[in-house]
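Be aware that the sequence shown starts at 1, since it is given in the numbering used here, and climbs by one per residue. Step one of this worksheet: look at the structure below.
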Amino acid sequence: MPKVTFTNFGAEGDKTVEFEHGKLPYDEHGKPESILDVAMHFKIPVEHACGGKCACTTCHVIVTAGEANLSEADDDEMDRLDTAADLTIHSRLACMAVVTGDVTVKLPAWNRNYVSEGGGSMNLGSAIPVPKSNGV
Ligand code: FES
């Protein structure tokens, strides 16, 4: 039974969930048994503006352990990730990365404070540079 640990996804602190392959009810959140699908099933807030269709980057997560226990990223995911803020070599789209074993993921800094699913405004924190003075 794969375990997925989410390490900075809200005020409750780290949360580890596990599921049995083939037994997770699919509810159209990205690929079946993707990180997003698992997160939604266990009510862990992961933003997914495009509905898990690899058409945005709001589900961007950084894998901190168990990268080999995820499906390989295909060209569509890699192309989409190229447009993500705070990209790392361990970045994945939660809707595309299918869990095959134990993994640990965290949110990138730019969307850590996002008030997910319930609405609210996005706090991009230091992801938005301070405007430079134009000397006026
Ligand atoms: S939810 Fe839009 S790319 Fe994953």
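Note that the Cβ used here is the ideal one computed from N, Cα and C, for glycine as well.
DSSP three-state assignment for residue i, whether helix, strand or coil
i	result
His90	coil
Ile62	strand
Ala11	coil
Leu81	helix
Val98	strand
Leu36	helix
Asn113	Below a pLDDT of 50, predicted positions are generally treated as unreliable, and Asn113, at 48, falls in that range; no measurement from the model is reported.
For residue i, the residue or residues it bridges with in DSSP
i	result
Lys155	Because the chain is modelled from 1 through 136, residue 155 falls outside the range shown and cannot be assessed.
Thr57	None; Thr57 has no bridge partner.
Lys43	Looking at the DSSP assignment, Lys43 forms no beta bridge with any residue, so it has no partner.
Lys106	Ile62
Leu142	Residue 142 is absent from the model: the chain starts at 1 and stops at 136.
Closer than 6 Å: residue i CB and nearest the ligand FES heavy atom
i	result
His48	yes
Gly52	yes
Leu93	yes
8 Å contact criterion, which residue i and residue j should meet: CB distance rounded
i	j	result
Ala65	Val103	7 Å
Leu208	Asn8	No information on residue 208 is available, as it lies outside the stretch 1 to 136 that the chain covers here.
Leu70	Ala94	Not really, about 10 Å apart at Cβ, beyond 8 Å.
Thr100	Pro2	7 Å
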